[in-house]
Every structure is written in structure tokens, then in C-alpha cells.
Amino acid sequence: MAKVIIMTTLKEGDKAPDFKAEDQDGNEIKLSDYKGKKLVLFFYPKASTPGCTAEACNLSDNYDAMKEKGYEILGVSADSKKRQQNFKNKYDFKYPLLADEDKEVINAYGVWGPKKFMGKEYDGIHRTTFIIDEEGKIAEVIKKVKTKAHAEQILEE
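Numbering of the sequence shown is given in UniProt numbering, commencing with residue 1 and proceeding in unit increments.
Next comes the structure, spelled out in C-alpha cells:
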């Protein structure tokens, strides 16, 4: 029997699930902190891995252009605060990274599930980005993330 991989069921127009988690420095960040702003909430599998580094650097390199369009950026993975802090500091990201070790935010957005890599199956984060509007509604769900051109995917809207 083929295994069906169920990705997030959240879609455009849905209310974004509320969350509260700590960033790399232990600051509490909540969805409500971004009320009145557009939020790029991007979930990535693991800090400092090649694809995640390309994606996070691309967003950071385009940070000013994103801010001009009214976007705030927030990265999320299941890494520890220490690992997130090292990742942020090494590449000098201009936005916070949530250390969602208990996967509360990850599960709320439905991005955790079975994955395949080099013939092995395991559970992990599906690289997914949610664009949340000023009212806290999901404006877009990007499931096919281009790691080296992710900001362009968002800004093309």
C-alpha cells in the first residue's frame, strides 16, 4: 500500500493558527506581534544545512526589499535555541528564528510529516512558507519553495 503524505491543510483565506514560541535569544514571539503587518512565516528542515542556508540567506539578502513591501520575516525549525543562534549569527540574518523544539508551531501549521531522502523515510519538516496578511489570515501557501530565489517568489505577487 502506498503511503500518502498529507501536507498542511491550511489554505488561502484561512485564519493563521496563533502561536507563541521563543526565538534564538529566548524572546517570546507571538503571531499577534505581527498584527497590522504582512508576515512571511517560513518553515525549514534544519539550520545550517545547504538548502536551508540558501533559503534563509536569500530572504536575508532581500530583507530591505521585503520590508519596503511591508513584509516581516520569521523562520521556524525544530532546532534548539543554541543552533538557531549560531545559524543567525553566522549569516547575520536580519530576522528572528523560532526554536520550536516541541513542534507546537510546526504542528499547528501542519508541516511535520513523513519525508524521503536518498531512499530513506523519516519524519521531518516539509519546507513550506505561509504569507500571512495584516488581519492574520493566510494570503498564500508556498509549498514548492525555490531555496535560491525564495524572496523573488514572494515579491512576484
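Backbone N, C-alpha and C define an ideal beta-carbon position, used for all residues, glycine too.
With a 10 Å radius around its C-beta and 16 neighbouring C-beta atoms as the bar for buried, classify residue i as buried or exposed.
| i | result |
| --- | --- |
| P96 | buried |
| G13 | exposed |
| N107 | exposed |
| N89 | exposed |
| T8 | buried |
| N62 | buried |
| D79 | buried |
Just tell me which of the options has its CA closest to the CA of residue i.
| i | options | result |
| --- | --- | --- |
| K37 | F93, L155, K67 | K67 |
| Y71 | D25, V141, K116, D133 | D133 |
| Q24 | A149, L74, K11 | L74 |
| S77 | L31, S48, N62, K94 | S48 |
| K146 | G51, K120, S80 | G51 |
| L10 | I142, H150, A151 | I142 |
| P123 | K46, N27, D33 | The residue you asked about is not Pro; residue 123 is Asp in the sequence shown. Here the closest residue by C-alpha is K46. |
| E140 | L39, N27, N86, K103 | L39 |
| E152 | N27, D33, A65 | A65 |
If residue i and residue j are in contact, beta carbons under 8 Å, what's the gap, nearest whole angstrom?
| i | j | result |
| --- | --- | --- |
| I138 | A21 | Actually they do not touch by this definition, with Cβ atoms about 18 Å apart. |
| F42 | L31 | Not a contact, Cβ separation roughly 14 Å. |
| F19 | V111 | At roughly 12 Å, the Cβ-Cβ gap does not stay under 8 Å, so F19 and V111 are not in contact. |
| L98 | I154 | Not confirmed; about 18 Å, so no contact. |
| G136 | K69 | Actually they do not touch by this definition, with Cβ atoms about 18 Å apart. |
For residue i, which beta-bridge partners are listed by DSSP?
| i | result |
| --- | --- |
| A21 | I29 |
| S77 | A99 |
| F87 | Beta-bridge pairing links F87 to no other residue. |
| F93 | Note: F93 sits in no beta bridge, so no partner. |
Given 7 Å as the limit, tell me if residue i has its C-beta closer than that to any heavy atom belonging to the ligand ZN.
| i | result |
| --- | --- |
| K94 | Absent from the structure shown: the ligand ZN. Ligands present: none. |
>> Does the contact criterion of 3 or more C-beta pairs under 8 Å hold for the stretch 117-131 versus the stretch 44-60?
In response: yes
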